[in-house]
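Participant: Residue numbers (the working numbering), protein chains in the order written: chain A, 2 to 367; chain B, 2 to 367; chain C, 2 to 367; chain D, 2 to 367.
1) Can the beta-carbon of residue 244 (chain C) be found less than 9 Å from the beta-carbon of residue 6 (chain C)?
2) What residue does the beta strand (DSSP E) around residue 77 (chain C) start on, and which one ends it?
3) Please name the residue or residues paired with residue 316 (chain B) in a DSSP beta bridge.
4) Inspect the beta-carbon positions of residue 158 (chain A) and residue 213 (chain A) and report whether they are closer than 9 Å.
5) Which residue spans inside the region 201-238 of chain A form an unbroken beta strand (DSSP E) run of at least 3?
6) Could you please give me the residues that DSSP links to residue 154 (chain B) through a beta bridge?
7) In whole angstroms, what is the alpha-carbon distance linking residue 249 (chain A) and residue 262 (chain B)?
8) Unbroken alpha helix (DSSP H) runs of length 4 or more, entirely within the region 91-115 of chain B: which are they?
9) Does the beta carbon of residue 66 (chain D) sit closer than 9 Å to a beta carbon anywhere in chain A?
10) Name the chain A residues whose beta carbon is nearer than 7 Å to that of residue 359 (chain C)?
11) Go through the region 279-306 of chain D residue by residue and report every complete run of the alpha helix (DSSP H) that reaches 4 residues or more, in order.
12) Are three or more beta carbon pairs between the region 101-108 of chain A and the region 44-54 of chain D nearer than 8 Å?
13) Less than 8 Å between the CB atoms is what I'm expecting for residue 34 (chain D) and residue 145 (chain D), so what's the real figure, rounded?
14) Identify each residue in the region 213-238 of chain C for which the Cβ-Cβ distance to at least one residue of chain A is less than 7 Å, and report them in chain order.
15) Considering just the uninterrupted stretch of the beta strand (DSSP E) at residue 253 (chain B), what are its terminal residues?
16) DSSP beta-bridge partners for residue 26 (chain D)?
17) Can you pull the chain B neighbours of residue 99 (chain C), defined as C-beta to C-beta under 9 Å?
18) Quick check: what's the CA-CA separation for residue 289 (chain B) versus residue 303 (chain A)?
19) If we count the other Cβ atoms within 10 Å of its Cβ and call it buried at 16 or more, is residue 187 (chain B) buried or exposed?
20) Taking 8 Å as the limit between beta carbons, can you name the residues of its chain near residue 279 (chain B), skipping five residues before and five after?
21) Beta-carbon separation of residue 361 (chain B) and residue 313 (chain D) under 9 Å?
22) Can you give me the Cβ contacts of residue 155 (chain A) inside the same chain, cut-off strictly under 6 Å, excluding the 5 residues immediately before and after it?
23) Which residues in the same chain have their Cβ closer than 7 Å to the Cβ of residue 354 (chain D), if we skip the five residues on either side of it in sequence?
24) Note down the Cα distance separating residue 225 (chain C) from residue 235 (chain C), rounded to an integer number of angstroms.
25) Could you please give me the residues that DSSP links to residue 66 (chain D) through a beta bridge?
26) Does the distance between the C-beta of residue 223 (chain D) and the nearest non-hydrogen atom of the ligand FMN fall short of 8 Å?
27) Quick one: which chain D residues come within Cβ less than 9 Å of residue 124 (chain B)?
28) Could you tell me which residues DSSP pairs with residue 6 (chain C) in its beta bridges?
29) Which residues mark the beginning and the end of the alpha helix (DSSP H) in which residue 353 (chain D) is found?
30) If you run the structure through DSSP and keep just helix, strand and coil, what is residue 271 (chain B)?
31) Does any residue of chain E bring its CB to less than 9 Å from the CB of residue 301 (chain C)?
32) Pop quiz: residue 77 (chain A) and residue 19 (chain D) are said to be a contact at Cβ under 8 Å. What is the actual Cβ separation, rounded to whole angstroms?
33) Among D:189, D:220, D:298, D:201, which residue has its Cα nearest to the Cα of residue 238 (chain D)?
34) Contact check, residue 233 (chain D) vs residue 291 (chain D) under 8 Å by CB: the rounded distance?
35) Just checking: is the beta-carbon of residue 343 (chain B) within a distance shorter than 9 Å of some beta-carbon in chain C?
36) Among A:283, A:12, A:319, which has the Cα closest to the Cα of residue 133 (chain A)?
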C-alpha cells in the first residue's frame, strides 16, 4: 500500500518524473465541499520549480485537471481524481543515470527493490515531482481546515547552520502564515533569511547543496484529535512526513531538547484561563498521549541537502560492475527547503483532516 | 484503528493499567515458526518494572499466557493471542488523579477525547504498561529476524546531557547487542553510564526525572525492504516509535545534523566491495527513498523525562473547575530509558518483520 | 488480515476449539456506551451448544470475561477485549482426525495452507466455536443499533426442502424478532417448524445432517448507509456472512429470483408517503447502488448441512498417503441453522454499526 | 474507502459517466510483469457498449492510456495508473433525471447519501461505465494468473428463465473459456443461447429488460489460497462481486441447492489420485473453510434486469416533492449479462491475484 495513505480520508498517488502524467485519487472527501481553485493553484505554484532564483530554473506549470469527484462546484462525495501532464521532460539529460547510481538518491535501493524494472529517468517514482499530487491533496485539506479555524504555517528554521527564530510555541497568527506563504524563502527574521539565501547561492556556485530544518505549526486544532498508540497524531504526522523526500528527522515540541530536561521542566503545567483548560507552556508540542490538547501542534523536520549535485562523486556503474564517478549535470535545487515548505504544510493538513474526519465516528453519540 | 498496527503482520493491543488483563492478538504470523519462550520472557523482564534501582520498585512479573495460535511448539498460522493478568494494582494510589490532571500525561487529552469515560486509574490505556504486549509481539519478531541474520540493538545515547559514544554507523556485532541487552543501563562507555546513573538517582532524590536519547541499530537487513512514499521504512518505523509513550522525536542517520551539511558531505558514495555494492559512509542511516540499502539502519529517539514526578506542580481540578496543585506519590521511574530500550528494540523488530513479509508479495516472480 | 474485520469499527478474533481460550478485541467502539450484559449473555446462550434437542448436547457455558475497554459501566473508547476460557474439551475424541481429513471440513485445505502446522483438534481455528466471539461483538453492536431504532431478526426460511413463509419485505415488527429470538428454531409458521424439527431429528437418527436457508431482515435503517462499489452494503454484509462457517450463498431482495424478472417487475417504484420518499415494493432488498434506501434490508443465506456426520465417508489418510474411510463420532449438530441464526443476526449488526460509524465521517459538514 | 479494494494488490477507481475521464490506480503490482496490451484491449472491448445487437448501441471506444507504472514494457513496481477519456457523452439526455428518481437505480439513495451533491448525469459514479477501469485492472490480473496456469471463464447460465447447461463442476478447458470470450452471448448450449437472445430482443422491443444468472469458474487454482474467517476466498470474491452493479446474489458450489441436501450428499469425499489428494465431487465450489482445495472454484451470480427501461414507471420528483412518472429514453442494455460477463471474469481475477500475492507472505519460510 505504498502509494495509498490515510484512514478515513485516503489518497493514492501515481506517476513518474518522465512518464505521461502524475496525479492522485482522493477517497473519503465528504460531499458538498467547495474549493477556491485559484488558491489551490497558488499552493501548487509555491512547490513548482522555476519560481525563484533559489530553486531549479526548470519550468513546469504543474497545471492540474480534475478528472472526477467535483460537480457543480462541489465535491460529489466519491473519488476526486486529478492529473498533471508531464510536459517539460528532458529525457536525454538522464541517460547516463541508467547505470550510474547517484549517491544520496534511491537509484540503487530502487534498482534492488524492483529488480531493475524501475523507471530510472529523473528518479522515476522517487522523484520529488511526485510531491505535486500530495501538495494538491493537502491544499484541498488546508481549505477545509481553514473553514474550521485551523491554519498551518511553516518556515525555514535553519539552513546550513543559519538559524531563524522559532515560532512562538503558543501559536502565531494566521496573517503571519499567509505572509510567509508569499515569500520565496519563508523566515521570521529577514536578516537571517538573507544569510540563508547567500548560503544557498554560494552552494549552488560550488555545484553543491545545503540542508536545513523546517518548523511547522498547526493552530486552532481542538483538543481530542488523534489516538493513543498506533494512530497517535505524532505517528500519523511522522508517517506522512517521512513520505516527503529528503526528510530525515522529526521532533515534536522540545523534541531532542528533552534530553537535557528534567520532568519538572518538561511537563506543561495546566491552568484555567477564562473557564478553559490551558497549558502554561507548550514543551510537548500540543500533543500528549498521541492526542491534541488544544495548544498549537509544533514540530520540526530535518531536511537533508539535495542529493543531486554537480560536484564529482564516487559511485558504481552497475552495468559494468565497476567503480566510476559522476557529476550530475542539469538543473537542480541547491536547497530543497523553499519548495519543501508548501509540501510539508499541505501534507500536515491532509493528516489533520483525516484525524478530524476519523474523530467524527469516534465521538458518536456526543 | 488506534489499537491495530501493521500491513502484512498485524498486532491488536488491549488493556488498561488497572483492568483485569492486558494483551495482544497477532495476525499474520506465518505457520511453522517455533519460539524460544525463555528468551521471550527475558525480553519481557527487561521491560518489566522492579528489575533495577533505576526503575520503579513496583514488582510485576508480567507473566504471559498464550491463548491461541501456537500448537505443538509451532505457530499455527492463525491469530496468536496473549494475555498478562494484572496482579499488582494499587488502585487507591490513584484516586486523587480522577480529578487532578497530571501535567505531561494524557489525563486531560484523554478526558476530552473520550468525553470523561476513559479509565483514569494509572493512566488506563495510556499507561506505559500497555507496551508489555507490544514488547511481546516484537520479541517474537526479533526471534524470526534473528533466523534471517537480522539483529537489533539499542543503548542510552544520552541521559540528561551526558552522552555515550554512538554505535559505529556501519554496524556493530550481534555480541555487543547481546551484552547490552543484559545491562540495566545499556551504554558503550561504562564511565558515561555511571554518570548517567548518578544523574538518574539524583533526579529521583529530588522527586524529579530526566530525559534522554536512545540510539537503535538494525544490522543484517538486506537491501530492498520498504517502499517509496507512504510505506517508506522511515515512515513505518517512525509511526511505530511515536506509539511508544514518551518518544518525542526520531532522526535517521545524521538526522537533524544534516542541517549543517552540504550535499557533497551528506551523500554516501558507493563502491564495489568484493563484488557487492556498498556505501563508503552511512549518513543516511541505511535508507534511501524509503528503502533499505544494505547498510545498518540507524536511528535516534528523543525520550522525554518521565511525566510522573513527586515535585509539586500546578494543574487543574476538573471536578471543581479550579486551579490546584499536585505531587504525584507512589513509585515511578526517574528515567524511562532503561525500560524503554527493550520496547524500542522489539517495536523495531515488529516493523522490520512486517516489511520482510510484505516484501514477499512485492518480489513475486523473482 | 484474516482475523480482523471492519472499516471504522474493527474486530480481531482469536482462538482454537481446544486451545486455552477464544475471544476478540474490538477497536473503534465509541466511548460512553453502556451495555445490558444479561442481554449479551442471552444472545451468547442462543448460539451456545447444549441448549436444545436440535443441537449438539455438548455443554459449553461460553462464559465471557471483559478484559479491557469497559469501566464504570461504560465503554472507555479504547480496545474492548473479551475472552472465553475453553472448559469442555474432549481432546481424545479428535485424535484420529489428525490424519484422516473430514470431508466437507477445512481439514485438508487448512493442512495445505498452514503446511501441517494448523491445530487439528476439533477443527482448531476453523471451528464453529470461533463464532462465539463474533456473536459477542455483534451482540454489542445490536444493542447500540437498538438505541437508534434499528432492529434485526432472522428465521429458518427453509430446512431440507421444508419452507417457512418469508418475512414481509416491507418489514416486520421488533416484537416478532424478539419472539423469534426466544425460540429454539425460529420460524413464522409453527407447523412448518414442526416439520423442520422432524427432518432434523430424522437426519440425526441416520447419523446425517441437513442444510437450509436463513432469512435475515434489518429494519429501521436510515437511507444513505453504505457506499457505491467496494464498500457497498451488500459487499460488506456478504463479506461478513461468508466468514460464518457453512454459509455458501447470499442473495439480497429477490436475489436469484431476478433471473425470471423483467425490469418493469424488478424496479421498485417510488412514491411520496406522508412527505417521505418510499418504495412501493422492496424487490431490491432495501439497497440500491450499495446504499440503503430506507426500506428494510432483506437477505437470505444458503447454509450447507453440517459437515460432521456419523455416516461412513470415503476420505484420505495423509499420514499413510492412502485412501480410507471415516465415521465421525462425538456430538454434532444435525442442523446448524438454529445456532447459526444468532450468529447471523449479530454479524449483521456489526456490519451495520460499522457503516453507521463510517457514515459519521462521510456526512461531515451536514 | 469506497473506491479502494484489495489487501496486497489494491485498486482505486475513479470517475463519473459524464465527467472528463474515468480510470484507476493499481498499487501492489509486482515489478517486471509484461502485458499483452492487445489482449487487454480485447477484454475491454468485450465490456464496451456498442459491440452487438444485444447491447446499447452507444459507441464508446474505451481507449485507455497508461499514465504511470509501466516502463520499457514492464511494470515498474510502483502505482500503475490508467485513464479513459469520456468522449461520447449525451448530457442533454439526462437533464430530466436530475429531479426524477429512476426506480431500480441509485438516484435516490445517492441523493440522500451525498446530500444532493452527487453527479446525476448518467448515474454519475454509480454508472456501470465505472466498471471499465475495474475490467482493466482485472484483465491485467487475468494475464498474470494465466502465467500461473490459472484461467477463468463465465457464461450466461440463465436469462429470463431460459437455462444454459452448467460448467462441469470439476473444471472446463481453457480453450472453452477462450471460445466463450469471443461470443457476444457466451453459452454452452447454442440452442439455449438463441432462445436467450430472442428473450432479450423481445424485452427490448417492449421497452423492458431481463435478468439472469452468470456462472463463473476459476480453474488451475492451487490448494491453500484464502483464509479462514474474514478473508475467506468466498468473502473476498463476494465482496468484489457485489461491487459490480446489478449483482444481487452469489452462491458457491451447490449454493442455495444445499437447502435440500443432507450432509452425506453435500460433503465432497476425498481420494488419492496419482498421489494427489482430490475430491470426488465438487459440491463446495472448490472452497472449504475459506481456502481453495485444488478443485475449480465455481460460483453463480444473480444479475437483476437493467433498471433503465423505456416503459413508464411511477416515481417521485424531488424538486417538487410530488409523485410523477417517467419513461427512460436513450439507449440502454435490454440485458446487462453479455457485458457483465467480462467484468465478472476480470473482477474474479483481481481477487485471485490479490490472494496469490497475499499467500506469498503467509507461506514465508516454506
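Yeah, the Cβ is synthetic: ideal placement off N, Cα and C, and Gly gets one too. Keep in mind it's a predicted model, so treat the numbers as computed, not measured.
Facilitator: From the atom records:
1) yes
2) Where residue 77 (chain C) is concerned, there is no enclosing beta strand (DSSP E), given that its DSSP letter is neither H nor E.
3) B:325
4) yes
5) 213-220
6) B:218
7) 13 Å
8) 108-114
9) yes
10) 362
11) none
12) no
13) 6 Å
14) 229
15) 248-253
16) D:13, D:82
17) Simply none; closest approach about 10 Å.
18) 15 Å
19) buried
20) 271, 272, 273, 295, 296
21) no
22) 215, 217, 342, 345, 346
23) 10, 142, 145, 146
24) 13 Å
25) D:84
26) Within the structure as shown, the ligand FMN is missing, as the structure has no ligands at all.
27) The premise fails here: residue 124 (chain B) is roughly 32 Å from chain D at the closest Cβ pair, so nothing lies under 9 Å.
28) C:12
29) 338-363
30) strand
31) The displayed structure is made up of protein chains A, B, C and D, and chain E is not among them.
32) About 12 Å separates the two Cβ atoms, so there is no contact after all.
33) D:298
34) 3 Å
35) no
36) A:12
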